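Visitor: Please find one structure pasted underneath; my questions will follow.
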Amino acid sequence: MLQEWLYLAIFLAISLFIPAAAIGAAALLSPKKPSTLKNSIYECGIETVGPARIQFKAQYYLYAILFLIFDVETVFLFPFAVAYNQLLFFAVIEVILFVFVLAGGLAYAWRRGALEWS
Amino acid sequence: MIFIADPITFITTWLNSVLTGWGIPAIWVQFIMFILGAGLLALGAMIFTIGLIWLERKLGGRVQDRLGPNRVGPWGIFQTIADMLKIFTKELITPVGADKFLYNLAPLLAMAAVLGLWAVIPLSPTVFGTNINVGVLYLIGIGSIGELGIIMAGLSSNNKYALLGGFRAVASLLSYEVPMAITLLIPVMLAGSMGLNDIASAQKVAFIFQAPVAALVFFIAAIAENGRAPFDLMEADSEIVAGFNIEYSGLKFGMYYVADFLHAFTSAMIFATLFLGGWNGPGAEQYPALGFLYLLIKTALVYLLTVTIRFTVPRLRIDQMMAFAWKYLTPLALASLLVTAVVDKAAPAGQGLLRVALLIGANIVLFLIADRLVTLYRKQHEKARKVVSDDRPVPVAIRSTVVEEPEVNS
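Protein sequence lines correspond, in order, to chains W and G. The opening residue of the first sequence carries number 1 in my numbering; numbering runs sequentially from there. The opening residue of the second sequence carries number 1001 in my numbering; numbering runs sequentially from there.
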């Protein structure tokens, strides 16, 4: 059990190390001749106007809230899915109710126009 | 004989015995084997991408009636290697005002996330990184770290186009993650385990025949998660130049490039594992090497389909993309989950062809209902097209032939 997680940790460390080593090697091989013009921000040839880091559009925020609800819901459903073969039909009905409550939430967001891109 | 049937296990046991023979404690042998296995798998995946990029460019060329790469080596096979060599020696430019730490970390994360997915995919009945009992959740978690790399690139580059690309990446990640996670429940439900090797070995009948609607939803959501063609809004080159990776150069850009291709192939592989039976096939249990071949064939089929889609379907608008995820895919995925759960429970206990037939039937009915609802919805919400100008003048030559010919005859 723990060994599997050790393997994952090693794997993730190596999969971070390989691109890091590649970029490191490239940084050694490549020329380094920075200049103000070269390092300036690209904006279709004209000079940059104003700050680049602007506010998020509120629309993204709405989607983020919806996403949070549904992703947490799915995480709750995973135990049900794993145990599905041992469960009785009654459990399936309970899950249907659970999903319907959340589908109600989606329907509400839909009716209130949260899903319209404006 | 054993070597041909299962070369990897053969080599592993041999190496294991050699290392133990040197007097190294068993724990350290295990550790060394882990490092070797993980390193080889990750490195192999990355080198494999070189061939993949060539294949995709060649195929894309053929789809669009071009030749594709054809100068370097026979059929342009060495094109990608030449590109790699070139990109290695390009200057790494850091733009003014960039957040250095995030800017340098982002391409690493994008690449590491894709490589990390390979840790849980079973390549054959005996060869897999690990069969952890939360494999599917791991796929979701690690898969979204790749998107995190894109968002970080957008935020740290200090560039408006990059930021817009980052916004769009957030939107697509959030939206398509939902139907994807819901459809991932269905293979888990049918197999009764979250380990990917368990899911693969549970598929005596491939899950695509038991849950075709879920497979379709997962396929579309996976393309969107990759940020590939119909959903490549985050790097729409005609709108926001190159999106999130605009300020990257040299190998840092190359990392995004490689990660993109490898991610497409990896998600084709995940699709093949979850819905097409993975390494399952005649004789795969006895000859695990054969299982690897089956997996490759299935993956290649799915991959070719995604490549064809990439080069044929035009890009969606962002509101269309969002509406498609939330108003169509998510309800369909939820309905598909419920239908599969109910029909599978209600079906007679004999786990035979009757159950599969019932599931297919229920899925077809579900898809037809969804199709009908979409048609109704579209009719309700059809807006009259705004008239921007007068009708275009018809070319004179056409008008004259149509109108004047009868007069000549009479």
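For every residue, glycine included, the Cβ atom is placed at its ideal position computed from N, Cα and C. Note that this is a predicted model, so its numbers are computed, not measured.
(1) Whole angstroms are fine: how far does the CA of G:L1109 sit from the CA of G:D1260?
(2) Under 6 Å Cβ to Cβ from G:Y1303, same chain only, skipping five residues before and after it: list those, please.
(3) Please determine, among W:W117, W:L16, W:P31, W:F76, the residue with the shortest C-alpha to C-alpha distance to W:F98.
(4) Tell me the rounded alpha-carbon separation between W:Y61 and G:I1151.
(5) Strictly below 7 Å CB to CB, what residues from chain W border G:E1091?
(6) Going by other Cβ atoms of all chains shown within 10 Å of its Cβ, with 16 needed for buried, is G:A1171 buried or exposed?
(7) Which residues of chain G have a Cβ atom closer than 9 Å to the Cβ of W:V95, listed in chain order?
(8) So if DSSP puts G:F1128 in a beta bridge, which residue, or which two residues, is it bridged to?
(9) Which residue comes first and which comes last in the alpha helix (DSSP H) that contains G:H1263?
(10) Would you call the segment 1042-1058 of chain G and the segment 1211-1218 of chain G touching, i.e. three or more CB-CB distances under 8 Å?
(11) Spell out whether any CB of chain G is found under 8 Å from the CB atom of W:Y61.
(12) Could you please tell me which residues of the segment 1129-1145 of chain G, in chain order, have their CB closer than 9 Å to any CB of chain W?
(13) Since I believe G:S1144 is in contact with G:V1217 (beta carbons under 8 Å), could you give me their beta-carbon distance rounded to a whole number of angstroms?
(14) Measure the C-alpha to C-alpha separation of W:F67 and G:I1182 and round it to an integer number of angstroms.
(15) So which of W:V101, W:I23, W:F100 has the shortest CA-CA distance to G:P1107?
(16) Look at the Cβ atom of W:S96, then the Cβ atom of G:G1039, and state whether they are nearer than 8 Å.
(17) Which same chain residues end up closer than 6 Å to G:P1179 when comparing Cβ atoms and leaving out the 5 residues on each side of it in sequence?
(18) Since G:Y1161 and G:I1081 are thought to touch, with beta carbons under 8 Å apart, how far apart are those beta carbons, to the nearest angstrom?
(19) Taking buried to mean at least 16 other C-beta atoms within 10 Å of its own C-beta, is G:D1232 buried or exposed?
(20) Measure the C-alpha to C-alpha separation of W:I46 and G:F1271 and round it to an integer number of angstroms.
(21) Taking 7 Å as the limit between beta carbons, can you name the residues of its chain near G:V1313, skipping five residues before and five after?
(22) Which residues in the same chain as G:L1137 place their Cβ atom closer than 7 Å to its Cβ, once the five residues preceding and following it in sequence are excluded?
(23) Would you kindly work out how many angstroms separate the C-alpha atoms of G:L1411 and G:E1285, rounded to a whole number?
(24) Quick check: is the beta carbon of G:S1410 nearer than 8 Å to any beta carbon in chain W?
(25) For the segment 1304-1330 of chain G, which residues have a CB atom closer than 8 Å to at least one CB atom of chain W, in sequence order?
(26) Can you tell me where the alpha helix (DSSP H) with G:D1371 in it begins and where it stops?
(27) When you compare only the Cα positions, how much space is there between G:W1028 and G:I1035?
(28) Could you pull out every unbroken beta strand (DSSP E) segment of at least 3 residues lying fully inside the segment 1279-1316 of chain G, listed in chain order?
(29) Which residues of the segment 1029-1062 of chain G have a Cβ closer than 9 Å to any Cβ of chain W? Give them in chain order.
(30) Output the distance between the C-alpha atoms of G:V1096 and G:I1024, rounded to the nearest integer angstrom.
(31) Return the chain-ordered list of same chain residues with a C-beta closer than 6 Å to the C-beta of G:I1140, the five sequence neighbours on each side being excluded.
(32) Do you know offhand how far G:L1092's Cα is from W:W5's?
(33) Under 8 Å between C-beta atoms, does W:F11 make it to chain G?
(34) Using the rule of at least 16 other Cβ atoms within 10 Å of the residue's Cβ for burial, across every protein chain shown, is G:R1310 buried or exposed?
(35) Could you tell me which chain W residues have their CB closer than 7 Å to the CB of G:K1345, listed as they occur along the chain?
(36) What residues from the segment 1161-1182 of chain G come within 7 Å of chain W, judged by C-beta to C-beta, listed N to C?
Guide: In terms of the structure at hand:
(1) Their Cα atoms are separated by approximately 12 Å.
(2) Apart from the 5 residues on each side of it in sequence, G:Y1303 sits with its Cβ closer than 6 Å to the Cβ of F1265, A1268 in its chain, given in chain order.
(3) The residue with the shortest Cα to Cα distance from W:F98 is W:F76.
(4) Straight-line Cα distance between these residues: approximately 15 Å.
(5) Within chain W, the residues near G:E1091 are S30, P31, K32, K33.
(6) The Cβ neighbour count for G:A1171, taken over all protein chains shown within 10 Å, is at least 16; the residue is labelled buried.
(7) Going along chain G in sequence order, the residues near W:V95 (Cβ under 9 Å) are L1337, L1338, A1341.
(8) Residue pairing of G:F1128 in beta bridges, as defined by DSSP: G:P1122.
(9) Looking at the DSSP string, the run of the alpha helix (DSSP H) that includes G:H1263 is 1250-1275.
(10) No, the segment 1042-1058 of chain G is not in contact with the segment 1211-1218 of chain G.
(11) Among the residues facing chain G, W:Y61 is not included, as its CB has no counterpart in that chain under 8 Å away.
(12) So the close ones are G1129, T1130, N1131, I1132, N1133, V1134, V1136, L1137, Y1138, I1140, I1142.
(13) Their Cβ separation, rounded to whole angstroms, is 18 Å, which puts G:V1217 and G:S1144 out of contact at 8 Å.
(14) Counting only the Cα atoms, G:I1182 lies some 12 Å from W:F67.
(15) For G:P1107, the nearest C-alpha among the options comes from W:I23.
(16) It should be pointed out that residue 96 of chain W corresponds to Ile in this sequence rather than to Ser. For W:I96 and G:G1039, no; Cβs fall outside 8 Å.
(17) Only V1217, A1221, L1329, T1330, A1333 meet the Cβ criterion.
(18) At roughly 30 Å, the Cβ-Cβ gap does not stay under 8 Å, so G:Y1161 and G:I1081 are not in contact.
(19) Buried is the call here.
(20) The alpha-carbon atoms of W:I46 and G:F1271 are separated by roughly 45 Å.
(21) A distance below 7 Å between beta-carbons, with the five flanking residues on each side excluded, links G:V1313 to the following residues of its chain, in chain order: A1229, P1230.
(22) In chain order, M1194 place their CB closer than 7 Å to the CB of G:L1137, counting only its own chain and leaving out the 5 sequence neighbours on each side.
(23) In this structure chain G extends from 1001 to 1410, so residue 1411 of chain G is not present and cannot be described.
(24) With a pLDDT of 49 at G:S1410, under the threshold of 50, the predicted position of this residue should be treated as unreliable, though the coordinate-derived value follows. Interface with chain W (8 Å Cβ-Cβ cutoff): G:S1410 is excluded.
(25) Result list: I1318, D1319, M1322, A1323, W1326, K1327, T1330.
(26) Segment 1353-1380, the alpha helix (DSSP H) holding G:D1371.
(27) Straight-line measurement puts the Cα of G:I1035 at about 10 Å from the Cα of G:W1028.
(28) Correct list: empty.
(29) If the cut-off is 9 Å between Cβ atoms, the segment 1029-1062 of chain G has Q1030, F1031, F1034, I1035, G1037, A1038, G1039, L1041, A1042, L1043, A1045, M1046 near chain W.
(30) Straight-line Cα distance between these residues: approximately 52 Å.
(31) If you ignore the 5 residues before and after G:I1140, its C-beta comes within less than 6 Å of the C-beta of A1181, all in its own chain and listed in chain order.
(32) G:L1092 and W:W5: Cα-Cα distance of roughly 35 Å.
(33) For W:F11, the answer is yes, since a Cβ of chain G falls inside 8 Å of its Cβ.
(34) Here G:R1310 is buried, its C-beta having at least 16 other C-beta atoms within 10 Å.
(35) Neighbours of G:K1345 on chain W, chain order: F89, V92.
(36) Within the segment 1161-1182 of chain G, L1163, F1167, V1170, A1171, L1174, S1175, E1177, V1178, A1181, I1182 place their CB atoms closer than 7 Å to a CB of chain W, listed in sequence order.
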